[in-house]
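In this note's numbering, the protein residues as written are 35 to 498. We put the beta carbon where it would ideally sit given N, CA and C, even for glycine. Quick caveat, the model's predicted, so the values are computed rather than measured.
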């Protein structure tokens, strides 16, 4: 997921004659993912691998992993997560003085809270010795559309209600017993969009956008029919409640390019989940109408969950070939300037920041995933149970949160839009959505360098 921001940051530093490295640490649960079909680089091959038993490079897909095989994830909470970060840093940079002088610790979204717990952690079991303390492994902290904290408060309202997150009112002990026994799900999922299968489908869409960007997509028709895919397609591609309930017209009734398929799944004017939104352009090539499901345009319903932008959808099934207008062509002379029924423009050049081809590369062109398929339930329940003794004991050095300089970069239209913590003096990336802080193009529509990587480069030079 850090592909674009890492490239941009390293490049910006190199332009200034400086060498920096950008590391990203995947969780242990990422090892459960099978990227073989995606790595083939062919969309049909990927679908055949995951759904039709086709071998790729001598390998056959073993299926998405069920809860009964995830017993070890019952222990994959905040303590193990920060311990893994410390273990990696100590192994790669054995000299603690080097870590304290050279390493900037941070993350995106939940990564800000993880960084908070890392900063406050003790790793040798003796609070009196501080060379091992989390804050002494870092020269500074950075937070990308999040805050460095030990609270989920700044990210509240961004998790859908239909995820299988346990009721934390049960208490830490009962939740842990449920995870240990398997009575509670050990990885987070939801009936639509948020489960291993649908996360894989996002990557498959990315394969098509890389393979044949302007070609007419057949993915909706090539995929097998099952309840999960059908429900997800209805949720994402229904203009209103009636369309969702009847399933007509369906996504397979529209002619869309491969880029338009990916855009419909990830763009902030299309996908109604704020934490999955990026600003990659807009539909083109035919009439567009309001997408008033699951929330109506113009309403203020749960912006932390659905996002702040008006949603749009192609209007004419069995009609023209809908294409995708990339971020840097929005506002050009040939842009139709699509508007909502109330006259509000769906988008503008200042609201588009990510190149859809870079997004496709991040999703389908890497050995690791973009969207996490098996997200540990315990990581979230630990953070939601932060006041329990079992979690409070992990905050050994609370002053560690403020022991180092912090760079906070917030997406102007992201999860904290409208409730910016002014005391943090954040850099605001105007027009950005939650994912844009990771995916934005190196040069923006105003002709200026990308602000997130610019801020990170400057912070790396002199943390303050």
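Asked, Found
"Straight-line gap, residue 162 to residue 388 (C-alpha atoms, nearest Å)", "47 Å"
"Distance, residue 391 Cα to residue 484 Cα", "16 Å"
"Whole-angstrom distance between residue 274 and residue 160, CA atom to CA atom", "58 Å"
"Whole-angstrom distance between residue 252 and residue 318, CA atom to CA atom", "18 Å"
"Residue of 357, 491, 479, 72 minimising C-alpha distance to residue 237", "72"
"Distance between residue 84 and residue 277 (C-alpha atoms, nearest Å)", "29 Å"
"Where residue 370 falls, given that 16 or more other Cβ within 10 Å makes a residue buried", "exposed"
"Residue(s) in a DSSP beta bridge with residue 142", "178"
"Cα-Cα separation, residue 123 to residue 133", "8 Å"
"Length of the line joining the Cα atoms of residue 424 and residue 283", "51 Å"
"Every unbroken alpha helix (DSSP H) inside the region 312-393 [4 residues or more]", "337-340"
"Close Cβ partners of residue 53 (< 8 Å) along its chain, the five nearest in sequence each way excluded", "47"
"Reference residue 247; option with closest CA among 309, 374, 297, 218", "297"
"Meets three-Cβ-pair contact criterion under 8 Å: the region 203-220 and the region 55-62", "no"
"Assumed close pair residue 37, residue 445 - CB separation to whole angstroms, cut-off 8 Å", "Actually they do not touch by this definition, with Cβ atoms about 17 Å apart."
"Exposure of residue 499, with buried meaning 16 or more beta-carbon neighbours within 10 Å", "This structure does not reach residue 499, given that the chain is present from 35 up to 498, and the question cannot be answered."
"For residue 61, the three-state DSSP class (helix, strand or coil)", "coil"
"Euclidean distance between Cα positions of residue 243 and residue 170", "43 Å"
"Pairwise C-alpha distance: residue 255 and residue 381", "29 Å"
"Near the ligand ATP: residue 442 beta-carbon under 8 Å from a heavy atom", "As for the ligand ATP, it is missing from this structure, which has no ligand bound."
"Residue range of the alpha helix (DSSP H) that includes residue 209", "206-215"
"Coarse secondary structure for residue 463, derived from DSSP in three states", "strand"
"The region 301-310 in contact with the region 258-266 per 3-pair CB rule at 8 Å", "no"
"Given 8 Å, three or more beta-carbon pairs between the region 132-148 and the region 181-189", "yes"
"Candidates 232, 472, 432, 375, of which the one nearest residue 326 by Cα", "375"
"Nonlocal neighbours in the same chain, by C-beta distance under 7 Å from residue 288, ignoring five residues either side", "348, 351, 356"
"Straight-line Cα distance separating residue 280 from residue 441", "48 Å"
"Beta-carbon contacts of residue 78 that lie in its chain and below 6 Å, excluding the five residues immediately before and after", "none"
"Nearest-angstrom Cβ-Cβ length linking residue 428 and residue 113, presumed shorter than 8 Å", "6 Å"
"For residue 426 and residue 313, believed in contact at Cβ under 8 Å, the rounded distance", "Actually they do not touch by this definition, with Cβ atoms about 39 Å apart."
"For residue 445, the first and last residue of its enclosing alpha helix (DSSP H)", "Premise fails: residue 445 lies in the beta strand (DSSP E), 440-445, not in any alpha helix (DSSP H)."
"C-alpha gap between residue 90 and residue 153, whole angstroms", "43 Å"
"Rounded distance between the beta-carbons of residue 489 and residue 461, thought under 8 Å", "5 Å"
"Within 9 Å, strictly: CB atoms of residue 107 and residue 410", "yes"
"Cβ separation of residue 239 and residue 295, assumed to be a contact under 8 Å, to the nearest whole Å", "5 Å"
"Burial state of residue 259, where buried means 16 or more other Cβ atoms lie within 10 Å", "exposed"
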